[in-house]
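Visitor: First the structure, which I've put down as structure tokens, then a few questions once you've had a look.
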Amino acid sequence: MDLSLMNKAQREAITTTEGPVLVMAGAGSGKTRVLTHRIAYLLQEKDVPSYNILAITFTNKAAKEMKERVDKLIEEDTSQMWISTFHAMCVRILRRDIDKLGYDRSFSILDTTDQLNVVKDVLKSMNLDQKQYPPRQFLNAISNFKNALITEKEAKENAYDFREKLNADIYSEYQEVLYRNSALDFDDLIMLTIQLFEKESDILNYYQTKFQYIHVDEYQDTNHAQYKLVYMLSQKYENICVVGDSDQSIYKFRGADIMNILNFEEDYDNVKTILLEENYRSHQRILDAANNVIENNMSRVPKNLVTSRGKGEKIISIVSQNEREEGQRIVKQIQKLKNEGYNFSDMAVLYRANSQSRAIEDALVKSSLPYNMVGGMKFYQRKEIKDLMSYMKVVLNVHDDIAMERIINTPKRGIGPKTIDTLRNHARSLDSSIYDAIKDADFIGLSKKNAENLANLLEVLENLKEKSKFMTITDLVDEILHDTGYVDMLIRENTLESNSRIENLEEFKTVTKEFDETHEIGDELLFDFLSDMALVSDQDNVDDLDAVTLMTIHASKGLEFKVIFIVGLEEGLFPSFRSMDTEEELEEERRLMYVAITRAMERLVISRATTRTIFGKTNSAMESQFWSEIPADLIEGEDLISVYNGATKKRKPRAKSQVFTNNSGVSFNIGDKVTHQTFGDGMITAINGSGDSEELDIVFSKAGPKRLLAKFAPIEKKD
DNA sequence: CGTAGCAGGTTTTTT
DNA sequence: ACCTGCTACG
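Position one of the first sequence corresponds to residue 2 (this note's numbering), numbered consecutively onward.
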């Protein structure tokens with residue numbers, strides 16, 4: 002294998018296959034290349050069977066890519082190698098043996114919405130007011146318990162005040178509901194795998210023996226449970242290689258513990274530590290910006306990335322008056338860079354919060370530029386998709402009451418809350434599920450009509466369950482939509498909304514078709530499909546089309562683009578006002594900024610607005626401290642007027658508010674060029690209000706954006 | 001049981 | 001500004 006193109010540190014990381022290895026890999030230092038070559042090296046040079054290799058990545062997409070890249074490097078068989086995310090790996094392990102923990106092997110996986118509904122139900126059953134006790138907080142507490150591997154019993158024992166006791170009680174109730182439903186949340190996947198290993202030492206031993214070489218990517222973002230899992234698996238051979246960058250740790254809110262990577266050298270014996278400090282991705286100016294920003298973090302191991310790539314262009318800065326204008330000017334800049342030869346797919350717009358995407362999207366749509374958005378209101382969270390998947394979940398696991406309650410009256414079958422309550426109570430008395438309770442519908446005091454409807458539903462579901470074993474997922478989807486009357490319901494509604502729902506269901510079938518192409522019909526099919534769906538990450542949906550990518554900075558982790566736009570660089574938005582209380586949280590925000598900057602290879606654009614509307618209220622916004630941490634000589638401001646010339650020309654005047662007549666009877670329009678006594682030349686970009694309080698927004702080429710009282714503005718029209 | 005209309009909270013990030 | 005959940009009425 003040819004390692005001559007690698008630097009010394011990379012080569013060392015690739016060839017040190019025995020014993021614990023810690024690779025501290027700076028942004029863009031080629032860590033994915035190191036990991037793929039290391040795996041290829043094991044297979045080819047060390048003759049390690051692929052069966053003995055495990056590699057854990059952060060997203061399914063990264064896993065898929067890594068496997069493809071290994072396959073390209075060598076001829077050896079890679080089919081038995083496990084490259085997957087923590088969660089997908091645990092699903093695979095639990096699928097085999099979770100019955101030993103009392104769960105059904107056809108367990109369901111809950112998404113956040115389902116989890117929230119369970120907490121709400123628990124609160125209801127405990128007679129607690131949701132307003133006084135926000136369900137979200139309990140969900141957080143539960144997640145924290147699980148990430149820290151604290152059982153319900155331990156939580157109760159260690160609860161000292163009222164709130165802790167309540168958290169523990171709700172945790173325990175919540176867990177019982179999930180157990181009854183054979184349902185697992187994301188955190189359970191990890192925690193229960195560890196519990197399984199602790200309970201059944203022969204199962205642990207099996208995997209310890211199997212996984213002789215273990216790799217973990219993005220190790221800085223592992224939580225305690227994931228840390229423990231890796232630790233357990235690696236105890237037999239201790240051939241463990243973890244890769245990460247403490248400066249890119251951005252998932253603390255989700256339980257990630259930066260100490261996992263910082264303590265690695267203490268946790269394992271004879272650790273070989275390798276530093277990758279040469280950056281192959283970004284031009285010098287971009288790297289300088291990143292280094293200058295991250296240096297402001299006090300609690301970090303100092304390091305400085307160097308690049309062998311050229312100096313590059315200056316960073317472009319854009320200051321707009323509001324988020325609408327920000328969107329327009331980003332679009333303008335995108336078009337400019339497109340003309341310079343960049344593809345749309347070379348460019349990504351990054352923001353702190355999903356809510357910021359709207360203004361950017363609007364601007365892109367208006368200019369008919371292609372874009373694809375990662376995350377946000379996810380496709381899989383739409384009602385019709387969730388309904389369909391709930392049907393599939395019930396077909397697979399009839400005891401999944403969470404899914405059952407979702408579909409029992411969709412389409413309407415006259416089964417209301419009262420009936421569901423009766424069924425639920427009966428299910429509890431049977432110590433079973435609603436599905437079983439429905440079988441007794443005739444004897445538990447329901448109306449004849451109700452019992453009949455329920456019997457019909459049961460028959461439909463039972464038929465579907467039989468059929469499901471002999472058909473593709475796509476066919477099963479068709480059967481479900483038809484047999485349950487779901488499509489008929491939408492067709493009958495015949496509204497804009499219902500039609501779009503039908504389209505979405507059709508769209509869903511492109512996903513199922515893709516799945517069907519790579520999977521065999523059989524008993525495992527539905528389970529595999531549903532767990533795949535539950536574990537897709539946002540990044541997995543990045544298309545390959547020539548389109549601008551829109552996403553949160555979190556979602557951009559591990560990716561790179563020639564051109565990066567970081568928008569909304571305002572105090573309170575980024576850094577988020579929720580993270581400004583403690584130095585620790587602020588430093589995590591700064592790492593986020595560091596991640597954002599280092600995604601860029603060639604061009605970086607930073608953008609902010611001086612006012613921003615949140616909850617329908619417009620507030621003025623100060624420049625983000627991270628912006629000022631970038632040395633000014635690296636930045637070049639966009640000439641505002643030249644940007645405006647193109648941007649406003651196309652805009653059609655809307656209504657009378659667009660026109661303003663001054664005291665001397667001259668009327669002004671948006672887009673008019675004007676001369677101001679003191680500010681010089683500029684252009685009117687907005688006219689707000691009316692009468693004496695009417696204000697003009699004017700962007701001046703020298704003085705920048707200003708808001709002036711229309712009545713008194715000493716301006717003249719220019720042509 | 002079902003729907004329409006209103007009140008209140010909500011935006012930080014996600015496998 | 002938007003979404004969810006509650007209430008009152010048909």
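Just so it is clear, CB atoms sit at the ideal spot from N, CA and C, and this is done for glycine as well.
This structure is a prediction, so every number in the text was calculated from the model and none was measured.
Pick out whichever of N271, G313 and A404 has its Cα sitting closest to the Cα of E603.
Guide: G313
Visitor: Can you tell which of L43, Y134, S250 and L193 has its C-alpha closest to the C-alpha of D78?
Guide: L43
Visitor: Around the Cβ of D203, are there at least 16 other Cβ atoms within 10 angstroms (buried) or fewer (exposed)?
Guide: exposed
Visitor: From the DSSP output, in three-state form, read off F516 for me.
Guide: helix
Visitor: Let me confirm a value: M67 is counted as buried when at least 16 other C-beta atoms fall within 10 Å, else exposed. Which label applies?
Guide: buried
Visitor: Name the residue from V231, Q249, S250 and D248 whose alpha carbon lies nearest to the alpha carbon of C242.
Guide: With distances taken between Cα atoms, C242 lies closest to V231.
Visitor: So if DSSP puts V217 in a beta bridge, which residue, or which two residues, is it bridged to?
Guide: I57 and V243
Visitor: F444: buried (16+ other C-beta within 10 angstroms of its C-beta) or exposed?
Guide: Counting Cβ neighbours within 10 Å, F444 comes out exposed, since fewer than 16 surround it.
Visitor: Hey, how far is the Cα of S346 from the Cα of V332?
Guide: 14 Å
Visitor: Which residues share a DSSP beta bridge with A26?
Guide: In the DSSP output, where bridge partners are listed per residue, A26 has L277.
Visitor: Taking D547 as the reference, which of F562, V537 and R12 has the closest Cα?
Guide: F562
Visitor: Rounded to a whole number of angstroms, what is the C-alpha to C-alpha distance between Y172 and A142?
Guide: 8 Å
Visitor: Note the first and the last residue of the continuous alpha helix (DSSP H) segment covering L447.
Guide: Segment: none, L447 is in no alpha helix (DSSP H) and carries neither H nor E.
Visitor: According to DSSP, is D682 part of a helix, a strand, or is it coil?
Guide: strand
Visitor: Taking the alpha-carbon of F198 as reference, which of A360, I421, L459 and C91 has the nearest alpha-carbon?
Guide: Of the candidates A360, I421, L459 and C91, the one whose C-alpha sits nearest the C-alpha of F198 is C91.
Visitor: Are the beta-carbon atoms belonging to D218 and I15 less than 8 Å from one another?
Guide: At least 8 Å separates the beta-carbon of D218 from that of I15.
Visitor: Using the beta-carbon count (16 or more within 10 Å), is K229 buried or exposed?
Guide: buried
Visitor: Would you tell me roughly how many angstroms separate the C-alpha atoms of L351 and N206, rounded to the nearest one?
Guide: 44 Å
Visitor: Quick check: what's the CA-CA separation for L551 versus V119?
Guide: One Cα belongs to L551, the other to V119, and the distance between them is close to 32 Å.
Visitor: Tell me, please, whether the region 605 to 612 touches the region 313 to 327 by the rule of three or more beta-carbon pairs shorter than 8 Å.
Guide: yes
Visitor: D517: buried (16+ other C-beta within 10 angstroms of its C-beta) or exposed?
Guide: buried
Visitor: Along the chain, where does the beta strand (DSSP E) containing S318 start, and where does it finish?
Guide: I316 to S321
Visitor: Start and end of the alpha helix (DSSP H) containing S608?
Guide: Unbroken run through S608 is the beta strand (DSSP E), A601 to A610; no alpha helix (DSSP H).
Visitor: For T550, which three-state DSSP category applies?
Guide: strand
Visitor: To which residues of the same chain is K514 closer than 6 Å at the C-beta, ignoring the five residues directly before and after it?
Guide: T475
Visitor: I need the DSSP call for I110, collapsed to helix, strand or coil.
Guide: When DSSP states are grouped into helix, strand and coil, I110 belongs to the strand group.
Visitor: Using alpha carbons as the reference points, say which of F669, V667, K718 and A711 lies closest to G681.
Guide: K718
Visitor: Using the C-alpha atoms, what's the distance from I335 back to L185?
Guide: 44 Å
Visitor: Rounded to the nearest angstrom, what separates K154 and T194 at their Cα positions?
Guide: 18 Å
Visitor: Can you find at least 3 beta carbon pairs, one from the region 373 to 393 and one from the region 571 to 585, that sit closer than 8 Å?
Guide: no
Visitor: For Y352, which three-state DSSP category applies?
Guide: strand
Visitor: Specify the secondary structure class of M472 as computed by DSSP and reduced to three states.
Guide: Correct three-state label for M472: coil.
Visitor: Give the C-beta separation of L536 and H88 to the nearest angstrom, bearing in mind that I take them to be a contact with Cβ-Cβ under 8 Å.
Guide: Right, their Cβ atoms sit about 5 Å apart.
Visitor: For the beta strand (DSSP E) containing K674, name the first residue and the last one.
Guide: K674 to H677
Visitor: Do you know how far the Cα of V366 is from the Cα of R652?
Guide: For R652, the predicted structure reports a pLDDT of 29, less than 50, and the residue's modelled location is therefore unreliable. A value from the coordinates is still provided. Straight-line Cα distance between these residues: approximately 14 Å.
Visitor: L338: which of I317, Q357 and Q322 sits nearest, CA to CA?
Guide: Minimum Cα distance to L338 is reached at I317.
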